[in-house]
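Written out below as structure tokens is the structure these notes cover.
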Amino acid sequence: MRYIGNKENIIDSIYSILIKNGVEGDSFFDFFAGTTSVGRYFKRKGHRIFSSDVMYMSYCMQQAYIQNNLIPDFAELLDHIGNHTAESSLFSDPMDRVLGYLSDLPPVKGFIYNNYTPEGTKHLPQPRMYFSSENGAKIDAIRLQIQLWHDTGLINDHEYFILITSLIESVSFHANVAGVYAAFHKKWDPRAIKPLRLRRIEFINNGLDNSTYNQDSMTLLDNVATDILYLDPPYNGRQYLPNYHLLETIAAYDNPPIKGVTGLRQDNAKKSEFCNARKALTNIDKIASTAQYRYLIMSYNSEGIMPQEEIMECLSGYGEVRLEQFDYTRFKSNNNGKAKNIRTVSEQLYILKRNE
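FYI, our numbering numbers position 120 of the sequence shown as 760, with every residue one higher than the one before it.
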């Protein structure tokens, strides 16, 4: 899934550096969980995972990937839906049967259709083209059905979050955007007009009691004790909610007030102080001094708004700190979703071993 700052392509390099520097422990706290790619990686390595993020879409993914350890059997639901469609009857696997059923639902003209498709917004000077009208109505049908199943007890909490996560991740393959949702294309990306089908998600069982939170991680400093505290703060002043407002709305399906050409949801409570250099440094200092950890690891970027020397000065007050760096290729998209430029940036990995 495309997400600003996603570490999926460089997490192997990060892990190798941590091993080289003797970073070890049984527990791992993913302080800015995002799409959970880092938390999943360390869950596969056998760590007990704590993760948190203020975005509800992230919390859904945390519940599905991090807290959940089981492949769902949908025991209550399968008796209810039977083999309602020709496609679902082909599947013996419960997950595939449910995804097939949802993918074949008749369309519903709900909140997504009415606000983010060209037919639903044809009254606007610029109709919104986030989704084709067919896919927008399919998203509404699927999200409403998942909610109904949960409200009536046909699926449990784990199954609920698994299905929402499947929808969030599947939607990203059909959105008419360059990568984020701050704007939509004025012409159709070929993939955006393909019929939406739900995709399976990955299941990871580490056999441990993992914990997930939907809140500002700064409020958890006194509540979570971990061996490895991993920070991956924003690198610039761009807030995450405007860039992923539509996925947040699909996840919560809370019919929020929206505004502007892009239909941006209004939710000032989810603004991050880490998008401001001064506030970010103040918070880093508070984390390093207050949190309960053996190692503090911070991923940052050579283009980040916090100066390297100030980060080093801040962290060095709490133990031995090292800075490891490696280069990787960064792609930046233009309005057509094609590579505009390719350049090399440096990933900065700050490694703090706390004073005993």
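Even glycine gets a Cβ: it sits at the ideal position worked out from N, Cα and C. In this text the structure is predicted, and so the values were computed from the model without any measurement.
(message) Can you check which of these residues, 699, 964 and 854, is closest to residue 801 by C-alpha distance?
(response) 699
(request) Taking residue 755 as part of the alpha helix (DSSP H), name the residues at either end of that continuous run. (result) 751–756
(request) Scan the stretch 932–970 and note each continuous beta strand (DSSP E) run of 3 residues or more that stays entirely inside, going in chain order. (result) 935–941
(request) Ignore the nearest five residues each way along the sequence and tell me which others in residue 822's own chain have a CB closer than 6 Å to its CB. (result) 882 and 883
(request) Quickly, what does DSSP pair residue 713 with across the bridge? List them, please. (result) Answer is none; residue 713 lacks a bridge partner.
(message) Please tell me whether residue 806 and residue 836 are closer than 8 Å, where the distance is taken between their beta carbons.
(response) no
(request) Could you pull the start and end residues of the alpha helix (DSSP H) that residue 805 belongs to? (result) 797–811
(request) To the nearest angstrom, report how far apart residue 994 and residue 948 are at their CA atoms. (result) 19 Å
(request) Below 7 Å CB to CB, which residues in the same chain sit around residue 649 once its five sequence neighbours on both sides are set aside? (result) none
(request) Return helix, strand or coil for residue 815, following the three-state DSSP convention. (result) coil
(request) Would you decide whether residue 760 is buried or exposed? Buried here means 16 or more other CB atoms lie within 10 Å of its CB. (result) buried
(message) Applying the 10 Å Cβ sphere with the 16-neighbour rule, what's the burial state of residue 814?
(response) buried
(request) Name the two residues that bound the continuous beta strand (DSSP E) containing residue 851. (result) 851–853
(message) Going by the DSSP bridge assignment, what does residue 870 pair with across the sheet?
(response) 670 and 937
(request) Look at the alpha carbon of residue 740 and the alpha carbon of residue 712, and state the distance between them as a whole number of angstroms. (result) 15 Å
(request) Name the residue from 862, 710 and 750 whose alpha carbon lies nearest to the alpha carbon of residue 734. (result) 710
(message) In this structure, how does DSSP classify residue 840 when only helix, strand and coil are distinguished?
(response) coil
(request) Please name the residue in 776, 674, 757 and 930 whose C-alpha comes closest to that of residue 874. (result) 674
(request) Decide if the stretch 650–669 is in contact with the stretch 934–945; the criterion is three or more beta carbon pairs, one per stretch, under 8 Å apart. (result) yes
(request) Determine the extent of the alpha helix (DSSP H) in which residue 692 is found, giving its start and end residues. (result) Unbroken run through residue 692 is the beta strand (DSSP E), 688–692; no alpha helix (DSSP H).
(message) Please state whether the Cβ-Cβ distance between residue 962 and residue 849 is less than 8 Å.
(response) no
(request) Quick one: residues in its chain with C-beta nearer than 7 Å to the C-beta of residue 1078, no 5 flanking neighbours on either side, listed in chain order? (result) For residue 1078 there is no data in the structure shown, the boundaries of the chain being 641 and 996.
(message) Buried or exposed for residue 831, going by 16 or more other Cβ atoms inside 10 Å?
(response) exposed
(request) Please classify residue 764: does DSSP put it in a helix, a strand, or coil? (result) coil
(message) Closest to residue 855 by C-alpha separation, out of 653, 647, 670 and 654, would be which residue?
(response) 670
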